[in-house]
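Chemist: What follows is a single structure, and I will ask about it in a moment.
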Amino acid sequence: MHDHDDHDHDHDHDHDHDHDHDHSDLTDIAARVRALESVLIDKGYVDPVALDAII
Numbered sequence: 119m120h121d122h123d124d125h126d127h128d129h130d131h132d133h134d135h136d137h138d139h140d141h142s143d144l145t146d147i148a149a150r151v152r153a154l155e156s157v158l159i160d161k162g163y164v165d166p167v168a169l170d171a172i173i
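Per our numbering, residue 119 is the first one in the sequence shown, and the count goes up by one each step.
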């Protein structure tokens, strides 16, 4: 059990974090799209050249 578990939680626990993530310049959706694109290419379902031509 943590020390902060004993008190009321009537306040926000949102805190700013000043550290970078690998995809910090991407939105959540853009990061998901990039991951999905990578999986589809790795599995051979999508040709990266064709995908680049479409997008």
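Think of the CB as a built atom: it goes at the ideal place given N, C-alpha and C, for glycine as much as any other residue.
I need the boundaries of the alpha helix (DSSP H) containing LEU154, first residue and last residue.
Modeler: Residue mapping note: residue 154 aligns to position 36 of the sequence shown, counting from 1. Here the alpha helix (DSSP H) through LEU154 covers 146-160.
Chemist: May I have the straight-line CA-CA distance separating ASP146 from VAL167, to the nearest angstrom?
Modeler: Position 28 of the sequence shown, counted from the start, is the residue given in the question as residue 146. Position 49 of the sequence shown, counted from the start, is the residue given in the question as residue 167. Roughly 24 Å between the two C-alpha positions.
Chemist: Once the 5 residues before and after ILE173 are set aside, which same chain residues still bring their CB inside 7 Å of it?
Modeler: In the sequence shown, counting from the first residue as 1, residue 173 sits at position 55. Same-chain partners within the cutoff: there are none.
Chemist: Using 10 angstroms around the beta-carbon of MET119, count the other beta-carbons present and answer buried if the total reaches 16, otherwise exposed.
Modeler: What you label residue 119 is simply residue 1 of the sequence shown in a count that begins at 1. Note that MET119 scores a pLDDT of 47, beneath 50, so its modelled location is shaky; the value from the coordinates is reported in the next line. Taking every protein chain shown into account, the CB of MET119 has fewer than 16 other CB atoms within 10 angstroms, so this residue is exposed.
Chemist: Decide if LEU144 is buried, meaning its Cβ has at least 16 other Cβ atoms within 10 Å, or exposed.
Modeler: Taking the first residue of the sequence shown as position 1, residue 144 is located at position 26. Answer is exposed; the Cβ neighbour count stays below 16.
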